[in-house]
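J.: Before I ask anything, let me first share the structure, which is written out below as structure tokens.
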Amino acid sequence: MNRGRRHESIFSDKGDYSLFIDLLIEMSEVFHVRISAYCLMANHYHLLLNTPEGNLSRCLQRLNSVYSQRYNRKHGFDGPLFRGRYKSMLVSNDAYLLQLVRYIHKNPVKSGIVKEMKDYTWSSYNGYLSYANKWNWLYKDFVFSLLTNKKRGRLNNFITFMRDDDSEEVARLFFKKNLPSMFGPDSFTTRIKETYYFKKMSYEVPASRRLAPGADKIIREVCDYYAIDQQKLFTTRRGVFNKPRAVAVYLIRHLRGDELNSIKSVFRINTYSTVSSILQKMASLMKTDRKLRGEIRELKRHLTNSQM
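My numbering numbers the first residue of the sequence shown as 651 and each following residue consecutively.
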């Protein structure tokens with residue numbers, strides 16, 4: 651979350667809210683961030699997101715910086731818009747996360763702006779109620795899966811859960827002047843401390859990277875998706891773009907963070923510069939090819955859901 655400097659407004663009109671949401675969508679695509687909930691209030695915002703690539707600082711710094719520049723240019727202001735660095739909290743992937751989804755979406759109701767969560771335009775709540783393609787970027791299937799494994803009735807389960815009162819634990823959490831660095835059961839906080847703090851490892855290395863699908867699993871999934879034999883991924887024709895291979899290379903890089911030399915060996919590519927060229931081409935295509943973005947999104951969903 652982040653607030654405006656001296657609690658001043660960071661959104662002055664509908665265009666500002668829309669711009670920020672556009673930047674969230676862009677952030678999810680460029681930095682491969684999974685955004686499960688957001689709520690934009692007049693002088694602050696809340697985000698619930700997952701960063702498989704461990705790039706939280708990079709993506710949020712860019713979000714705040716780009717938004718501040720465009721806001722100031724539009725309204726004729728200068729200087730800092732936000733009070734400082736964002737505040738972040740590591741959350742356990744279970745009931746604790748669900749409680750934060752509810753807390754975030756209830757902000758406008760608690761503030762007396764609207765009576766019902768669905769009446770507030772600038773949160774992700776209506777994205778959970780909608781099947782429209784414009785909400786495909788929102789990482790909501792994982793939240794639904796925490797409530798039920800069945801697709802039938804999951805929306806009703808979600809609505810029922812969201813109507814419940816916040817737990818005392820969450821109420822106490824946000825009543826504190828300073829947010830804790832973690833939110834979860836004792837076993838979760840102990841494991842995180844032992845894994846990342848005592849071993850002097852970075853807090854930005856997420857558990858999802860350690861539990862990422864194997865390269866062989868990614869290759870099988872890509873071959874199944876495009877209905878091709880695996881050998882297709884290891885053969886090339888000069889001047890012909892091998893889309894399934896490029897997709898597999900892209901996924902191994904972005905889901906696992908494997909080094910270029912490692913990817914080179916997996917696909918029997920002669921030089922790591924060729925791997926770099928494939929990744930650059932994919933990055934370029936992802937900006938313009940909507941169909942490709944949808945395919946990547948679907949493959950990621952299959953692969954990440956299988957790791958939960």
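We treat Cβ as the ideally placed atom computed from N, Cα and C, and that holds for glycine.
Ignore the nearest five residues each way along the sequence and tell me which others in lysine 850's own chain have a CB closer than 6 angstroms to its CB.
T.: Residue numbering aside, residue 850 sits at position 200 when the sequence shown is read from its first letter. Any reading at lysine 850 must be qualified, since the residue scores a pLDDT of 41, below 50, and its modelled position is unreliable; the value itself is stated next. Shown here for lysine 850: not one same chain residue has a beta carbon closer than 6 angstroms to its own, the five before and five after excluded.
J.: Quick check: the Cα distance between tyrosine 775 and asparagine 786, rounded to an integer number of angstroms?
T.: In the sequence shown, residue 775 corresponds to position 125, counting from 1. In the sequence shown, residue 786 corresponds to position 136, counting from 1. Looking at the two C-alpha atoms, the distance is approximately 13 angstroms.
J.: Going along the chain, which residues of its own chain have a beta-carbon closer than 6 angstroms to the beta-carbon of glutamate 948, five neighbours each way excluded?
T.: The sequence position of residue 948 within the sequence shown is 298, counting from 1. Answer for glutamate 948: no residue qualifies.
J.: Measuring CB atoms only, is the segment 865 to 878 touching the segment 891 to 898, in the sense that at least three cross pairs come out at less than 8 angstroms?
T.: yes
J.: With a 10 Å radius around its C-beta and 16 neighbouring C-beta atoms as the bar for buried, classify glutamine 880 as buried or exposed.
T.: Translated into positions along the sequence shown, residue 880 becomes position 230. Classification for glutamine 880: exposed.
J.: Quick test of the definition: if touching needs 3 or more C-beta pairs under 8 angstroms, does the segment 759 to 768 touch the segment 696 to 705?
T.: In the pairwise beta carbon analysis, the segment 759 to 768 is classified as not touching the segment 696 to 705: fewer than three pairs are separated by under 8 angstroms.
J.: Within 8 angstroms, do at least three Cβ pairs link the segment 706 to 719 to the segment 665 to 673?
T.: yes
J.: Residues in its own chain within less than 6 angstroms of asparagine 807 by CB, not counting five upstream and five downstream?
T.: In the sequence shown, residue 807 corresponds to position 157, counting from 1. Excluding sequence neighbours, asparagine 807 sits near Leu797, Thr798.
J.: DSSP three-state call for arginine 653: helix, strand or coil?
T.: Here residue 653 refers to the residue found at position 3 of the sequence shown. Of the three classes helix, strand and coil, the one that applies to arginine 653 here is strand, per DSSP.
J.: Could you name the residues of the same chain whose beta carbon sits closer than 6 angstroms to that of phenylalanine 838, not counting the 5 residues immediately before and after it, in chain order?
T.: Numbered from its first residue, the sequence shown carries residue 838 at position 188. Hits under 6 angstroms: Ser742.
J.: Could you check where the beta strand (DSSP E) with alanine 960 kicks off and where it finishes?
T.: The displayed coordinates of the chain run from 651 to 958. Any statement about residue 960 would go beyond what the structure contains.
J.: Given 8 angstroms as the limit, is there contact between the segment 901 to 916 and the segment 817 to 835, that is, 3 or more CB pairs closer than that?
T.: no
J.: If you follow the alpha helix (DSSP H) that tyrosine 778 is in, where does it begin and where does it stop?
T.: As a working mapping, residue 778 is identified with position 128 in the sequence shown. Counting along the chain, the alpha helix (DSSP H) containing tyrosine 778 begins and ends at 775 to 779.
J.: Judging by CA-CA distance, which residue of Asn920, Lys867, Ala745, Thr921 is the nearest neighbour of leucine 953?
T.: In the sequence shown, residue 953 corresponds to position 303, counting from 1. Answer by Cα proximity: Lys867.
J.: Just the Cα atoms here: how many angstroms apart are glutamate 871 and arginine 813?
T.: Walking along the sequence shown from the start, residue 871 turns up at place 221. Walking along the sequence shown from the start, residue 813 turns up at place 163. Each residue's Cα considered, the two are about 38 angstroms apart.
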